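Convert by adding 7 to the 1-based position in the sequence shown; the result is the number in the working numbering.
By construction, the Cβ of each residue, glycine as well, lies at the ideal position given by its N, Cα and C atoms.
Bear in mind the structure is a predicted one, so any value in this text is a computation, not a measurement.
Structure first, commentary second.
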Amino acid sequence: DGIIYQGRCECACCVALPRRPTESLGQAAPKCAPPAEGSTRCSDRCTLVQDPTLDNDRGTILTERFCFYRCRPSGDLTPSAKAALRQEPGASFRGGVNVDTSCVD
């Protein structure tokens, strides 16, 4: 027994990114990963208890691992494509465009 200080693992801590060439296996689907270094969105480790796939003896795992195995992108637009959408006429009228694509459970 012990105290776990990391926050709970949540897909809200993850963003969609393009896969590396070695991860794609011919598919262009994005993956979920933690945001870029320096982001204060979430810690680099999170708490995940009683998960048969990602379980470890301490109850905490790397957020990167959680994002990759347990979350899925909510869309397939890349950050560069979303940045281009920001430049379209009327984009700010519709509330603007967040460059990051979020991930969901």
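A direct Cα-to-Cα measurement between residue 58 and residue 88 gives close to 35 Å. The beta-carbon distance between residue 49 and residue 70, rounded to whole angstroms, is 6 Å. This is short enough to meet the 8 Å contact definition. Within the DSSP bridge table, the entry for residue 98 names no partner. DSSP places residue 16 in the coil class of the three-state scheme, outside both helix and strand. In the DSSP assignment, residue 39 falls within the unbroken beta strand (DSSP E) covering 38-40.
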